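What follows is a single structure, written as structure tokens, with notes after it.
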Amino acid sequence: MISFNYENDFKLPNETQISKWISSVIVTENCKEEEINYVFCDDDYLHKLNVDFLDHDTLTDVISFDYSVGKTLHGDIFISTERVADNAKDFENTFEEELHRVLVHGVLHYCGYKDKTDEDAKLMREKENFYLNTLK
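First residue of the sequence shown: 16, per this note's numbering; consecutive thereafter.
Written out as structure tokens, the structure is:
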């Protein structure tokens with residue numbers, strides 16, 4: 016089950032469509048969907064999580080807490096809508112395009128993809144682009 020939660024004024028306008036899309040990504044990656052919670056928040060909220068739980072004193076757009084067991088996916092994905100908006104400007108994307116990228120990025124981590132090395136980051140970006148093209 017995919018759920019969307021809000022810690023700021025943002026509201027995802029198309030929850031059902033996005034939920035179905037994320038579910039299709041999970042199935043395509045040969046994984047099983049359990050409980051995946053998306054939490055939309057602001058920079059301060061996500062920064063505090065980054066400092067408190069990951070010991071990183073930086074701003075970021077997405078943090079995933081993965082509780083998956085094997086290919087059974089379960090976890091919490093926190094997204095700063097402020098950071099998404101700033102990144103959209105920096106990368107010359109729309110807010111919606113950048114938001115969709117971080118939505119799928121979080122679940123791809125649960126599917127086993129990493130992004131710490133250049134090679135892993137390249138594969139992650141290819142997967143993101145592939146799945147972004149499947150969203151109608």
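Beta carbons: idealized from backbone N, C-alpha and C, even for Gly.
Here the structure is a predicted model, which means the values were calculated and not measured.
Beta-carbon contacts of residue i that lie in its chain and below 7 Å, excluding the five residues immediately before and after
i	result
residue 150	36, 115
residue 22	54, 55, 56, 60
residue 47	86, 87, 88
residue 82	89, 90
residue 80	90, 91
residue 25	55, 96
residue 65	71, 73, 75, 78
Cβ-based burial, residue i [other Cβ within 10 Å; buried from 16]
i	result
residue 85	exposed
residue 127	exposed
residue 18	exposed
residue 156	Shown here, the chain extends from 16 to 151; a query on residue 156 therefore has no answer.
residue 68	exposed
residue 40	buried
Expected contact under 8 Å - CB spacing of residue i and residue j to nearest Å
i	j	result
residue 102	residue 76	6 Å
residue 88	residue 53	At roughly 13 Å, the Cβ-Cβ gap does not stay under 8 Å, so residue 88 and residue 53 are not in contact.
residue 58	residue 74	6 Å
residue 99	residue 110	6 Å
residue 123	residue 142	5 Å
residue 50	residue 16	5 Å
Cutoff 8 Å; reference residue i; Cβ partners in own chain excluding five residues on either side
i	result
residue 94	53, 54, 55, 56, 61, 76, 77, 114, 117, 118, 121
residue 132	none
One or two residues paired with residue i in a DSSP bridge
i	result
residue 77	94
residue 18	52
residue 88	48
Residues near residue i in its chain [Cβ-Cβ closer than 6 Å; skip 5 each side]
i	result
residue 30	19
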